[in-house]
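A short worksheet on the structure shown next.
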Amino acid sequence: MHGRSRVFLLRRIHLKDSDRPRQLSCQTSPSPLPPDSNLKPLCLQGRLHEALLGMATLGAEVRFHGYDALLTACIDRRAFLEGQLVHAHMIKSQYLPSVYLATRLLIMYVKCDSLNDARHMLEAMPERNVVSWTAMISGYSQKGHCAEALGLFVKMMEAGQLPDEYTLATVLTSCTGPFGPKHGRQIHSLALKTNFDSHMFVGSSLLDMYAKASEIEDARRVFDILPDRDVVSCTAIISGYAQLGLDAEALEVFKLLHKEGMDCNYVTFSCLLNALSGLAALDYGRQVHGLVIRCELPFYVVLQNSLIDMYSKCGSLIYSRKIFDNMLERSVISWNAMLAGYGKHGLGSEVVRLFKSMVQEVRPDGVSFKAVLSGCSHGGLVDEGLDFFDFMVNDQRMKPDIGHYGCVIDLLGRAGRIEKALDLMKCMPFEPTTAMWGSLLGACRVHANVSIGEFVAQKLLDIEPENSGNFVILSNIYAAAGRWQDVARVRELMKERTVTKEPGRSWINLDKTMHTFYSSDRSHPQREQIYAKILELYERIKEAGYVPDLSCVLHDVDDEQKESMLLGHSEKLAIAFGLMGSTPCKLIRITKNLRICVDCHNFAKYVSKVYARDISLRDSNRFHLIVRGTCTCRDYW
DNA sequence: ATAGGGTTAG
1165 MHGRSRVFLL RRIHLKDSDR PRQLSCQTSP SPLPPDSNLK PLCLQGRLHE
1215 ALLGMATLGA EVRFHGYDAL LTACIDRRAF LEGQLVHAHM IKSQYLPSVY
1265 LATRLLIMYV KCDSLNDARH MLEAMPERNV VSWTAMISGY SQKGHCAEAL
1315 GLFVKMMEAG QLPDEYTLAT VLTSCTGPFG PKHGRQIHSL ALKTNFDSHM
1365 FVGSSLLDMY AKASEIEDAR RVFDILPDRD VVSCTAIISG YAQLGLDAEA
1415 LEVFKLLHKE GMDCNYVTFS CLLNALSGLA ALDYGRQVHG LVIRCELPFY
1465 VVLQNSLIDM YSKCGSLIYS RKIFDNMLER SVISWNAMLA GYGKHGLGSE
1515 VVRLFKSMVQ EVRPDGVSFK AVLSGCSHGG LVDEGLDFFD FMVNDQRMKP
1565 DIGHYGCVID LLGRAGRIEK ALDLMKCMPF EPTTAMWGSL LGACRVHANV
1615 SIGEFVAQKL LDIEPENSGN FVILSNIYAA AGRWQDVARV RELMKERTVT
1665 KEPGRSWINL DKTMHTFYSS DRSHPQREQI YAKILELYER IKEAGYVPDL
1715 SCVLHDVDDE QKESMLLGHS EKLAIAFGLM GSTPCKLIRI TKNLRICVDC
1765 HNFAKYVSKV YARDISLRDS NRFHLIVRGT CTCRDYW
């Protein structure tokens, strides 16, 4: 055991020792039982109401131990009304509570979610200790009232009260949001001064604070110097990576800690599954599911929800549904995860069917409607989607947020009702987002609406000139209309505004290894075979009618170079590799970090037809399941 | 007495 932990232990032992003489003296000269001595056994047996009756009968004869037992029972059972009765009884009997009992009252109010009463209690206390302050700070933290929690912490310091490890662990959870890291670092230095920085609870709180502030290296540093680790601190670092989208790192650190024999609980697995969802790592997901089963954990809705989500994001909806059907109880999140799964796979009718059974059991929330609306959009159920929006607003009386409007704009665009979508954007109570303009631009491309497409693209280029995807789509629109001069103009524009974007990346999991490809990537050990395979595919699908869409390349090069750049797209590398490596007839599963490009989508369709192979392609937006040359997205995405 | 990690959607 680390030295500092031993110090904590000694402190506790020391406190216990100081209690001992009093207990001994009680034993040597037994006094008659106090009048309120029957309250405690009643409370311990869960007979709180009988104990309250006893309290009322005793009047002013209730003592410390009676009140303590009553308050403990109220705290355990979150019994607010009963707790208020105890408090009122104290006042009526003119009983002056000690700091301890007053703090117990405060804690009772905190646990019963009555922060105002708790705050009044704290203000009225003539004397406070570190527990009183911490309990109140904890109340604010847990309700998400970060500013109040931090403000009270400062007040505590000003009052001359030093924080202990409980206070620090608590107040750090309120260091979120824009000023979180600033306050968090100050509290970190305070923890260093008071030698609590490597306390396990303070440490996990610290590392989580850094992770939520995107300072993952600082989080890792805190984790690495912790003298002891437990489930929570290990889970916190895994979760930290996963929250920032560093899914591979989350998996790596889990593998490491698992080898070292870390404990896992349902939170650990939830975080880990979350990372595997991001990686679309079905093999690992199955393994972790197996691990979950072998751990024989009790039933946790949260964990089952994570499994549903993992299977659906790894492309295995059948397993998602199996988990969903076998659940002992479901939360609204279980339904939402299942709905979103069907939606991302383009199964609109399944979304509608599931939603209809959902409303029989639980009240859908805002997320449910987002899933249903986007599910209808991806599944091509335009009118159904609009009906659901109507149902949400007029029937359920729910206020749509900006995301719901985004879904409806997407729906209208898909139906080719582009003017209508523009109208909605003008009259909705939010500023249009780039995602909305982007969705509309996509609609203009599919429905060949050049004039609105130009207008929308201009908007987008003003708002986010750094996103080259917008230039590409605008160029697609011009190319489709045969306006080659405008294609050239867009290319010039792009050159002027040195466009940087997140590099496109596709990956495929084969034999429990993740093979990642970037555009024109030559780093794979089998690169020669992969490029040879691409050329082979290219020749054969050209015979079947594939024509490369050169407008997908915006670099100012000649057509021959464009062709070779197009063939180097990461999706194509992954497809070629998938065809080389996997067993015939097996579904080829590919994942991409951005949206799939028009040409790659077309390429995949031809390959699937000519080679009679099914291809599942998950892009940042949805799944494209391509079977015999037809995609579930119906060429709209 | 008071404390740390948490699933859907975006």
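For the first sequence, this note's numbering gives the first residue as 1165, with consecutive numbering after it.
Where a beta carbon is used, it is the ideal one built from N, C-alpha and C, also for glycine.
As the structure is a prediction and not an experimental result, all values here were calculated from the model.
Beta-carbon separation of residue i and residue j under 8 Å?
i: E1727; j: P1712; result: yes
i: I1672; j: R1753; result: yes
i: R1384; j: I1401; result: yes
i: D1473; j: S1441; result: yes
i: G1510; j: F1787; result: yes
i: C1716; j: D1650; result: no
i: S1134; j: S1397; result: Residue 1134 lies beyond the range of the chain shown here (1165 to 1801); nothing can be said about it.
i: L1265; j: F1228; result: yes
i: G1341; j: D1372; result: no
i: L1624; j: T1598; result: yes
i: H1253; j: V1226; result: yes
i: L1203; j: L1234; result: yes
i: Q1325; j: V1294; result: yes
i: S1603; j: D1574; result: yes
i: S1278; j: L1286; result: no
i: N1613; j: I1566; result: no
i: A1439; j: K1477; result: no
i: F1553; j: L1537; result: yes
i: G1479; j: S1670; result: no
i: E1291; j: V1263; result: yes
i: S1683; j: H1733; result: yes
i: K1376; j: G1425; result: no
i: L1802; j: V1523; result: Within the shown structure, residues of the chain are numbered from 1165 to 1801, placing residue 1802 beyond reach of any answer.
So, helix, strand or coil for residue i, using DSSP?
i: S1368; result: helix
i: S1784; result: coil
i: C1608; result: helix
i: L1789; result: strand
i: G1510; result: coil
i: T1755; result: strand
i: C1795; result: strand
i: I1760; result: coil
i: Y1800; result: coil
i: L1217; result: helix
i: E1381; result: helix
i: L1390; result: coil
i: G1732; result: coil
i: V1526; result: coil
i: F1741; result: helix
i: T1399; result: helix
i: M1137; result: One cannot answer for residue 1137 here, as it falls past the ends of the chain, which runs 1165 to 1801.
i: M1285; result: helix
i: F1619; result: helix
i: P1345; result: helix
i: D1361; result: coil
i: G1602; result: helix
Just grab the DSSP bridge partners of residue i for me.
i: I1858; result: Lying outside 1165 to 1801, the shown extent of the chain, residue 1858 is not represented and no answer is given.
For the ligand COA, any of its heavy atoms closer than 7 Å to the Cβ of residue i?
i: G1602; result: Ligands displayed in this structure: none; no statement on the ligand COA is therefore possible.
Exercise. What are the complete alpha helix (DSSP H) segments, minimum 4 residues, inside the region 1299-1336?
Worked result: 1310-1322 and 1329-1336
For this session: Could I get the ranges of all uninterrupted beta strand (DSSP E) runs contained in the region 1645-1728, with 3 residues as the minimum, in chain order?
Result: 1669-1674 and 1677-1682
For this session: Answer yes if the region 1546-1561 comes into contact with the region 1588-1599, meaning at least three C-beta pairs across the two stretches below 8 Å, and no otherwise.
Result: no
For this session: Can you check the region 1410-1482 for any beta strand (DSSP E) of at least 3 residues that lies completely inside it and give the ranges in chain order?
Result: none
For this session: Just list the alpha helix (DSSP H) runs in the region 1545-1569, keeping only unbroken ones of 4 residues or longer that don't cross its boundaries, in chain order.
Result: 1546-1554
Problem set entry | Contact the region 1732-1741 vs the region 1693-1712: 3+ CB pairs below 8 Å | yes
Problem set entry | Contact between the region 1346-1364 and the region 1322-1332 (3+ Cβ pairs under 8 Å) | yes
Exercise. Counting Cβ pairs, one atom from each stretch, are 3 or more of them under 8 Å apart for the region 1767-1775 and the region 1453-1473?
Worked result: no
Exercise. Given 8 Å as the limit, is there contact between the region 1521-1529 and the region 1541-1549, that is, 3 or more CB pairs closer than that?
Worked result: no
For this session: Run through the region 1195-1266 for me and flag every whole alpha helix (DSSP H) of 4 or more residues, listed as ranges in chain order.
Result: 1203-1208, 1212-1222, 1228-1240 and 1244-1256
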